Amino acid sequence: MALLELKDVNTYYGAVHALRGVSLKVEEGEIVTLIGSNGAGKTTTLRTISGLERARSGSITLNGQSIESLPPHQIVALGISHAPEGRRVFARMSVRENLEMGAFLRRGADVEKDFQKVFELFPRLKEREFQAAGTMSGGEQQMLAIGRALMAQPKILLLDEPSMGLAPILVEQIFDIVKEINQRGTAVLLVEQNAMMALGIAKRGYILQIGEVTLGDDAAKLANNPKVKEAYLGV
Amino acid sequence: MSRLTSRLPAPLARLAARLTTHFTSHRSQGIFFAIVALGILLPILSRVPPFGALQSINAWTNAFTIAVIYSILAIGLNVVIGFAGLLDLGYAAFFALGGYTYALVASPFLNIHLPFWPVLIIGAIIGAIFGVLLGAPTLRLRGDYLAIVTLGFGEIVPITLLNADKFTAGTIGIGGIDKPNIPGLYNFDLTNPWPFYILVLAMLAIVVIVVYRLEDSKIGRAWEAIREDELAAESSGINTTISKLQAFAVGAAIAGFIGVFNAAKLTIVAPDMFGFVVSVSTLSAVVLGGMGNVVGVGIGAFVIYLIQSVFLKQLSILFTQLSIPILKDIDFLQFQYVLYGAALVIMMLRRPQGIFPARRRHRTFTDATGNSK
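Those protein sequences? They're chains G and D, same order as listed. Using our numbering, the first residue of the first sequence is number 231, and each one after it goes up by one. Using our numbering, the first residue of the second sequence is number 11, and each one after it goes up by one.
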């Protein structure tokens, strides 16, 4: 049984049919990437998984339990964390408070351990622990958004465009950290415009076109697929 | 603070520093003493020229009492607007519901005379219930749309009170409302404003302490997260539905609570006492005082009330007595909205965060043992 599985998911924005029967799987311990051009439905897929949008039909299961009709906070509680597009940190709160918000549903002493884990992954955040999040650079805010999502102790992390607007060197750093997070046991569903890099760290990938999954394969094979190369890798 | 204390002699400075640390960790005590000090200071100040010349000490005490009512109202509205970021333009409706609750069960109108104290709690509960009733259908609305719906609600309530005259005496209102007596211990006397003044200060202390505690609680943190970024709050596992309803309920409960006292103090409730103007002036107080800052919005409401009900009134009387041409014919009370308007425009241009901007204190959740981490 897959950790996360979408079967024939259809999502609409009013009359706009945004996801047209999307099916995909994320297994335990995998990094899976969703690739597609603007408006293909990548973000909508993540939003539908985390309950921010409602699927009109189809099923979404986490470890076999169906979650498609649950509200977002219950989905977080079950182990799906979403670091939304555009970072969306709480600008006026400090770094530490942002991380605390990520652990909102949890209580007890092990939250403190998770602070240490996040600070290990992102030493920069430790340095800025009491600084207001809005005053940090884009890269630092992205780190915080990922750290905040990790504070919920997710089984699977949904990352939406973590490289957006970042300098290439920072993008590389972020991707290294995503790999590191994955090696520590968290599955990752990664949405990226930077297809080359995403396929570089992912085990498998899906190509999304106008709301439909047109191709799903091992990341290495996708990276060598001539059509994919032409359309998304700019080769 | 440090600038102040550095000029004091050393022992006094040490005392000030100790008191500061003490009251930072025991905020409820700090609030209590601050309100007691304020309660003593205000009547003394009102004797000092030029304030003393304006009106008698009893008139001042009455004015202070009502000003504190509006402070409490602003502190309640601040929970909804300042903490949770939900724009509510019909807040006076809850104030009305509290007042009418007490009027119906403690006046000759239905010839029921329930004691004041339990009704104080009932008024808060009724406020909370209507807060949830208003909040539930409007959860999906944001900003302007929410403002329009709450504006409608704020109109519906007084209009209903006006037209349901079998139950509310319509436009005449319900008079002869019972005083907040303590059975067997103390009876209030309408000619003596002092007990009302002490009671309203006690209510202020309760409301401020409750609101501060809420602000620092998990509920308060959830409100702050929703105000900052609702989507991120949802992604962090906050139940935004429950959280917003809690904000509406708490805000409305405070209005219901003080509405009961307001009815007992004025001994009359009528629909025109709870119109849009009340909602707007409370909102102005919140904006002027500094959205999110409990003390700021309290002071904002207090000052606004005193300006309109004391200074503008006295100004009119003064010019009439001196019979200065033109000026004596102006009713300065009519100018209050011009003043609000001007003040709001100037504030929005010069200091949009309010006179007392909400300063963020770093907050941490407390663990199970109650120790701050």
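No residue lacks a Cβ here, since even glycine has one placed at the ideal position from N, Cα and C. Just so you know, these numbers come straight off a predicted model, no measurement behind them.
CB contact flag (residue i, residue j, <7 angstroms)
{"i": "valine 443 of chain G", "j": "valine 256 of chain G", "result": "no"}
{"i": "alanine 103 of chain D", "j": "glycine 162 of chain D", "result": "no"}
{"i": "alanine 263 of chain D", "j": "alanine 134 of chain D", "result": "yes"}
{"i": "leucine 233 of chain G", "j": "tyrosine 436 of chain G", "result": "no"}
{"i": "isoleucine 252 of chain D", "j": "alanine 243 of chain D", "result": "no"}
{"i": "glycine 442 of chain D", "j": "leucine 255 of chain D", "result": "Since the first residue of chain D shown is 11 and the last is 383, residue 442 of chain D is not available in this structure."}
{"i": "glycine 309 of chain G", "j": "proline 384 of chain G", "result": "yes"}
{"i": "serine 245 of chain D", "j": "phenylalanine 334 of chain G", "result": "no"}
{"i": "lysine 401 of chain G", "j": "alanine 363 of chain G", "result": "Per the sequence shown, residue 401 of chain G should be read as valine rather than lysine. Not closer than 7 angstroms, so no."}
{"i": "glycine 95 of chain D", "j": "glycine 269 of chain D", "result": "no"}
{"i": "valine 421 of chain G", "j": "leucine 264 of chain G", "result": "yes"}
{"i": "leucine 438 of chain G", "j": "alanine 270 of chain G", "result": "yes"}
{"i": "valine 129 of chain D", "j": "valine 260 of chain D", "result": "no"}
{"i": "tyrosine 207 of chain D", "j": "threonine 71 of chain D", "result": "yes"}
{"i": "glycine 338 of chain G", "j": "alanine 382 of chain G", "result": "no"}
{"i": "serine 311 of chain G", "j": "alanine 245 of chain G", "result": "no"}
{"i": "lysine 323 of chain D", "j": "leucine 337 of chain D", "result": "no"}
{"i": "alanine 375 of chain G", "j": "alanine 313 of chain G", "result": "yes"}
{"i": "valine 239 of chain G", "j": "glycine 294 of chain G", "result": "no"}
{"i": "proline 281 of chain D", "j": "leucine 143 of chain D", "result": "no"}
Residues bridged to residue i (per DSSP)
{"i": "aspartate 390 of chain G", "result": "G:Val421"}
{"i": "arginine 434 of chain G", "result": "G:Val262 and G:Asp448"}
{"i": "lysine 217 of chain G", "result": "Absent from the model: residue 217 of chain G. The displayed extent of chain G is 231 to 465, so no value can be given."}
{"i": "arginine 250 of chain G", "result": "G:Asn240"}
{"i": "alanine 26 of chain D", "result": "Per DSSP, none; premise fails for alanine 26 of chain D."}
{"i": "glutamine 439 of chain G", "result": "G:Glu442"}
{"i": "glutamine 295 of chain G", "result": "G:Leu292"}
{"i": "leucine 122 of chain D", "result": "The sequence shown places isoleucine at residue 122 of chain D, not leucine. According to DSSP, which records beta bridges pairwise, isoleucine 122 of chain D is partnered with D:Ser117."}
Counted within 10 angstroms of its Cβ, other Cβ atoms place residue i as buried (16 or more) or exposed
{"i": "proline 203 of chain D", "result": "buried"}
{"i": "tryptophan 127 of chain D", "result": "exposed"}
{"i": "isoleucine 399 of chain G", "result": "exposed"}
{"i": "tyrosine 112 of chain D", "result": "buried"}
{"i": "glycine 137 of chain D", "result": "buried"}
{"i": "alanine 274 of chain D", "result": "buried"}
{"i": "aspartate 448 of chain G", "result": "exposed"}
{"i": "isoleucine 169 of chain D", "result": "exposed"}
{"i": "proline 19 of chain D", "result": "exposed"}
{"i": "aspartate 340 of chain G", "result": "exposed"}
{"i": "methionine 358 of chain D", "result": "exposed"}
{"i": "aspartate 239 of chain D", "result": "buried"}
{"i": "asparagine 412 of chain G", "result": "buried"}
{"i": "isoleucine 91 of chain D", "result": "buried"}
{"i": "glutamate 283 of chain G", "result": "buried"}
{"i": "leucine 99 of chain D", "result": "buried"}
{"i": "histidine 32 of chain D", "result": "exposed"}
{"i": "glycine 395 of chain G", "result": "exposed"}
{"i": "serine 117 of chain D", "result": "buried"}
{"i": "aspartate 303 of chain G", "result": "Reading off the sequence, residue 303 of chain G comes out as histidine, not aspartate. It counts as buried."}
{"i": "valine 320 of chain D", "result": "buried"}
{"i": "lysine 457 of chain G", "result": "exposed"}
Own chain residues within Cβ distance below 6 angstroms of residue i, not counting five before or after
{"i": "lysine 356 of chain G", "result": "Phe349"}
{"i": "asparagine 303 of chain D", "result": "Phe366 and Ala368"}
{"i": "glutamine 219 of chain G", "result": "A query on residue 219 of chain G cannot be resolved here, the shown segment of chain G reaching from 231 to 465 and no further."}
{"i": "isoleucine 297 of chain G", "result": "Ile290 and Ile305"}
{"i": "alanine 311 of chain D", "result": "Tyr80, Ser81, Ala84 and Ala295"}
{"i": "phenylalanine 360 of chain G", "result": "Ser324"}
{"i": "isoleucine 166 of chain D", "result": "none"}
{"i": "proline 353 of chain G", "result": "none"}
{"i": "tyrosine 315 of chain D", "result": "Ala77 and Tyr80"}
{"i": "tyrosine 350 of chain D", "result": "Ser294"}
Cβ shell of residue i (< 7 angstroms), same chain only, five flanking positions each side left out
{"i": "isoleucine 431 of chain G", "result": "Ile261, Phe405, Val408 and Lys409"}
{"i": "tyrosine 242 of chain G", "result": "Ala248 and Arg286"}
{"i": "isoleucine 45 of chain D", "result": "Leu211, Leu214 and Ala215"}
{"i": "proline 301 of chain G", "result": "Gly281"}
{"i": "aspartate 384 of chain D", "result": "Missing from the structure shown is residue 384 of chain D; chain D here goes from 11 to 383 and no further."}
{"i": "valine 115 of chain D", "result": "Ile122, Leu124 and Val129"}
{"i": "glutamate 235 of chain G", "result": "Lys255 and Thr291"}
Contacting residues, own chain, Cβ-Cβ under 8 angstroms from residue i (five flanking each side not counted)
{"i": "leucine 354 of chain D", "result": "Ser294, Val297 and Leu298"}
{"i": "glycine 308 of chain D", "result": "Ser81, Ile82, Ala84, Ile85, Leu214, Val218 and Gly299"}
{"i": "asparagine 424 of chain G", "result": "Ser393 and Val401"}
{"i": "asparagine 191 of chain D", "result": "Pro125, Phe126, Asn197 and Phe198"}
Heavy atom of the ligand FAD within 6 angstroms of residue i beta-carbon
{"i": "glutamate 257 of chain G", "result": "Here there are no bound small molecules, and the ligand FAD is not part of this structure."}
(request) Please determine if the segment 227-240 of chain D and the segment 281-292 of chain D are in contact, where contact requires at least 3 C-beta pairs separated by less than 8 angstroms. (result) no
(message) Below 8 angstroms, how does it come out for the segment 68-78 of chain D and the segment 291-302 of chain D: are there three or more Cβ pairs, yes or no?
(response) no
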